[in-house]
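Each remark here refers to the structure printed beneath this line.
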Amino acid sequence: MKRAGTLLIALLLLGAIGTSARAAQPAKVKNVDQSRAEVVDYWTAERMRNAVPLDITVAPGGEAQQAAVAFTRYEPNPYPAMHGKVFFSDGVSNYVCSGTAVTSANESVVWTAGHCVHQGPGVFYSNWAFVPQYRDGARPYGTWTARRLMTTSGWATRGDFSYDLGAAVVNANGGATLTDTVGSRGAAFNQPAQQRYLSHGYPAASPFNGQREYLCDSNLGGRDPSTSPQTMAIGCDMTGGSSGGGWVVGNNVLTVNSYGYSNQPNVMYGPYQGSVAQQLYTSAGSG
Amino acid sequence: MSERVVVRSPEPGGQVPPGGALRVAFHVDPGWESLAARLLVDGRDVTRESGQRIAPTYPPTRVELVYAPADGWSPGPHEAAVVTADGAPDAWTFSVG
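In order, the protein sequence lines correspond to chains A and B.
Numbered per our numbering, the first sequence spans residues 2 to 288.
Numbered per our numbering, the second sequence spans residues 6 to 102.
As C-alpha cells, this is what we get:
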C-alpha cells in the first residue's frame, strides 16, 4: 500500500514536472539597438505631455464573468520612487503603461506587462523608457531607457494573457543603477492568490489624465475561468495607461495590471506569477 | 480604425477542449474606440455573447474576443469566422474534443 502510494506521488511529481517543462519555455528577448541618448532625446517633455486622453468609448461585450469587487482608490502621498510611468512607441505611435523597479542582481529590472514591451505575437516595441515617480511632467529620477526587453514565450507567441508579463533591463543613468537610485520592490512567485493587493498605475484614459499615480486597494475578487492558468481579479477603476502597474503585497510584486472586460467596469485582471514568471524574472536580473 | 487579427485560438485545424473557449485577438490602431469586427461561429454572430478583453495601455493596443457557448460545445467540427470592417471574412475550422 505504502509502495503504491509512493508510486502515485512519483507519477504526480513527474506529471507536474512535465507540465512545468511545457509551460516554462524560454523567455523572448530583444537587445535594444537604440542608444540611451537617442531614446532620452525622443521623449521630450512635449511628447510625454502629448500622451493625453481622448474620450474612449468601449462597446458592450458579452455576459459579465465577475461580480463587482469592493475596492478603494487613492493617490499615494508621497509617491513611492520605485513605481513609475512607461513610455514606448509602436511604429510612429506613442503609448504609455506603468511599471515597477524590482530587486535584481543587475539592479536594473523594470517589471511590467508583456503587452507593454511586445505586440504578442509580433515585435518588441521601440523608444522604451521608464520614468520613476513621474508626476505632472516632473521626472525627479530622470528617464531610464531599455537596453534589453523580455517577455514570456506564452505572450510573445500566443498573446496569452495568462503569461502577460514583461521585463526591461535599463541602462545605467549617470553611472548609477536603477534600483540603487530609486529602491525596489521584491518579486514573489507561486504565492497564494488570496491576498489583499495594492495595485499601482498611471491611468491616462478618461476620466484620468496620466499625470498622477494611483493605487487600488482590493482583496482578490476571483479568478478568470476562461484562462489557464487562471488569472486573478481585483476591484479597480484605473483606465488605459495603468497596464503593467504592479500589484504589491507587503513589499513584493505578485502580478501586474493586464486586462479588463468591457462589460465589467471596475475589475482588473493580472496573471498568476508561477514558474514561467519566475524564469523571466531570473533571466532579466542576470544579464 | 484598423483592427488586425493577431491571434486565432485554436488555430485552423486545431482543437478546443469541451470546456474551453474560442479566442480571437486584434491589434488595434491609436484612436480605436469600439470593436467593429464580428465573430461568427457555425454561421451565427456570437460577438455580443463573447467576452471582450481590453489591455489597458493608452491609447489601446489590443482587444480580444473570448467565446464559449453557454451550454457547452457540441463535439466535432466547427467553423469560426471573423468579419472585419475593412476586409473579407477570415474563416477557419476547428474541432471540439
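For every residue, glycine included, the Cβ atom is placed at its ideal position computed from N, Cα and C.
Here the structure is a predicted model, which means the values were calculated and not measured.
Asked, Found
"Under 7 Å by beta carbon: chain B residues contacting A:G160", "V11, V12 and A30"
"Under the three-state DSSP convention, the category B:S7 falls into", "coil"
"Cβ pair count under 8 Å reaching 3, the region 16-24 of chain B against the region 149-168 of chain A", "no"
"Chain A contacts from the region 48-74 of chain B (Cβ-Cβ distance under 9 Å)", "V51, T52, R53, E54, S55, G56, Q57, R58, I59, A60, P61, T62, Y63, P64, P65, T66, R67, V68, E69, L70, V71, Y72 and A73"
"Status (buried if at least 16 other CB within 10 Å, exposed otherwise) for A:R50", "exposed"
"With 16 other Cβ atoms within 10 Å as the buried cut-off, status of A:D161", "buried"
"Candidates B:G102, B:P61 and B:H83: closest to B:L45 by CA position", "B:H83"
"Under 8 Å by beta carbon: chain B residues contacting A:P122", "V11 and V12"
"Distance CB(B:W97)-CB(B:A86) smaller than 9 Å", "yes"
"Beta-carbon proximity of B:A26 to B:Y72, cut-off 9 Å", "yes"
"Members of the region 91-117 of chain A near chain B, C-beta cut-off 8 Å", "D91, S94, Y96, V97, C98, A114, H116 and C117"
"Span separating the alpha-carbon of A:W44 from that of A:Y126", "14 Å"
"Contacts around A:R140, its chain only, beta-carbon distance under 6 Å, and the 5 residues preceding and following it disregarded", "V132"
"Proximity test, Cβ basis, 9 Å: A:M239 and chain B", "yes"
"Below-9 Å beta-carbon distance, B:P35 vs any chain A residue", "yes"
"Backbone CA spacing between A:Y270 and A:S99 [nearest angstrom]", "15 Å"
"Contact check, A:G247 vs A:I235, beta carbons under 9 Å", "no"
"Residue-chain proximity (B:A86, chain A), Cβ-Cβ < 9 Å", "no"
"Span of the beta strand (DSSP E) around A:T1", "Residue 1 of chain A lies beyond the stretch modelled for chain A, which goes from 2 to 288, so this question has no answer here."
"Euclidean distance between Cα positions of A:G92 and A:V40", "14 Å"
"At least three beta-carbon pairs within less than 8 Å, the region 177-189 of chain A to the region 76-84 of chain A", "yes"
"9 Å Cβ cut-off: residues of chain B touching A:A206", "P61, Y63, P64 and P65"
"Start and end residues, alpha helix (DSSP H) containing A:G155", "S154 to R159"
"C-beta neighbour in chain B for A:M269, strict 9 Å", "yes"
"Run of the alpha helix (DSSP H) containing A:R50, from where it starts to where it stops", "A46 to R50"
"First through last residue of the alpha helix (DSSP H) which encompasses A:D165", "It is not in any alpha helix (DSSP H) - A:D165 carries neither H nor E in the DSSP assignment."
"Reference A:A177, options A:T144, A:S227 and A:P226, closest by Cα", "A:T144"
"Within 7 Å of chain B by C-beta, residues of the region 161-172 of chain A in sequence order", "F162"
"Buried or exposed (CB count within 10 angstroms, at least 16 for buried), A:N258", "buried"
"Short CB-CB distance (under 9 Å) between B:A90 and chain A", "no"
"Simplified DSSP assignment, three categories, for B:L45", "strand"
"Whole-angstrom C-beta distance between A:V250 and A:Y215, which should lie under 8 Å", "In fact, because the Cβ distance is near 18 Å, the residues do not count as touching under 8 Å."
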